[in-house]
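>
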Amino acid sequence: MASRYSEKEKNDRKKWSNKYSSLKKRGKVEFNSPQELKKWYESKNKCEYCGLTEDVRRRIHKIAEERGAGRMDLRGKPLEIDRFNPKKPYGEKNCRLACYWCNNAKTDFFDGKEFEPIGKAIGKALRSIIKKRKIARL
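Counting from 1 along the sequence shown, just add 3 to a position and that's the residue number in my numbering.
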């Protein structure tokens, strides 16, 4: 009996199921399903702290890999899910997409409001790197 899902669809479902399970392991989740998490994630397209878009973030990631920056093989390729308030659950109202650099710097110490000026500074620094490398016009 043939599956009703293509390989690509199966992989996509598995990916979002794994992301959903990972969030549940780290804390309370208000998303009702992996599909709801996916829909929320795909409605966003940039780091909500520094403003880097997915395209620009890929370019920065390439520079980081060229420089031999650590953990680039484990984190940083897709935008990451961050809790605006680290004490509240993962849910549509409390989650933000964050680039690796902002999420790594924010940790659970800052809430989103406290982190805003730091995120803007990170974005400025990353854009400066791109400009110096003449990889993209912003």
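Every residue, glycine too, gets a C-beta built ideally from N, C-alpha and C.
Computed from a predicted structure; not experimentally measured.
Note down, in chain order, each residue of its chain lying with its Cβ closer than 6 Å to the Cβ of residue 138, except the 5 sequence neighbours on either side.
Taking the sequence shown and counting its residues from 1, the one referred to as residue 138 is at position 135. Below a pLDDT of 50, predicted positions are generally treated as unreliable, and residue 138, at 48, falls in that range; the measurement from the model is reported next regardless. These residues qualify, in order along the chain: 62.
> On the DSSP bridge assignment, give the partners of residue 32 in chain order.
If you number the sequence shown from 1, residue 32 lands on position 29. BP columns for residue 32 point to 93.
> Just checking, does the segment 49 to 63 make contact with the segment 21 to 30 on the three C-beta pairs under 8 Å criterion?
no
> Could you give the first and the last residue of the continuous beta strand (DSSP E) run that contains residue 98?
Here residue 98 corresponds to residue number 95 of the sequence shown, with the count starting at 1. Here the beta strand (DSSP E) through residue 98 covers 98 to 101.
> Take residue 54 and list the residues in its own chain whose beta-carbon comes closer than 7 Å to its own, dropping the five residues that flank it on each side.
The residue given as residue 54 occupies position 51 in the sequence shown. Closer than 7 Å at the Cβ level, and outside the excluded window around residue 54, lie 126.
> Just how far apart, CA to CA, sit residue 111 and residue 123?
To locate residue 111, count along the sequence shown from 1; it is residue 108. To locate residue 123, count along the sequence shown from 1; it is residue 120. Rounded to whole angstroms, residue 111 to residue 123 spans 18 Å at the Cα level.
> Taking all protein chains shown into account, do 16 or more other C-beta atoms lie within 10 angstroms of the C-beta of residue 140, making it buried, or fewer, making it exposed?
Locating residue 140 in the sequence shown gives position 137, counting from the first residue. Note on residue 140: pLDDT 45, under 50, position unreliable in the model; no value is reported.
> What are the partner residues of residue 86, as DSSP defines its beta bridges?
As a working note, residue 86 is residue 83 in the sequence shown. In DSSP, residue 86 forms a bridge with 98.
> Under a three-way DSSP split, which group does residue 49 fall into?
The sequence position of residue 49 within the sequence shown is 46, counting from 1. Judged by DSSP in its simplified three-state form, residue 49 adopts strand.
> On the criterion of 16 or more Cβ atoms from any shown chain inside 10 Å, does residue 78 qualify as buried, or is it exposed?
Translated into positions along the sequence shown, residue 78 becomes position 75. So residue 78 counts as exposed.
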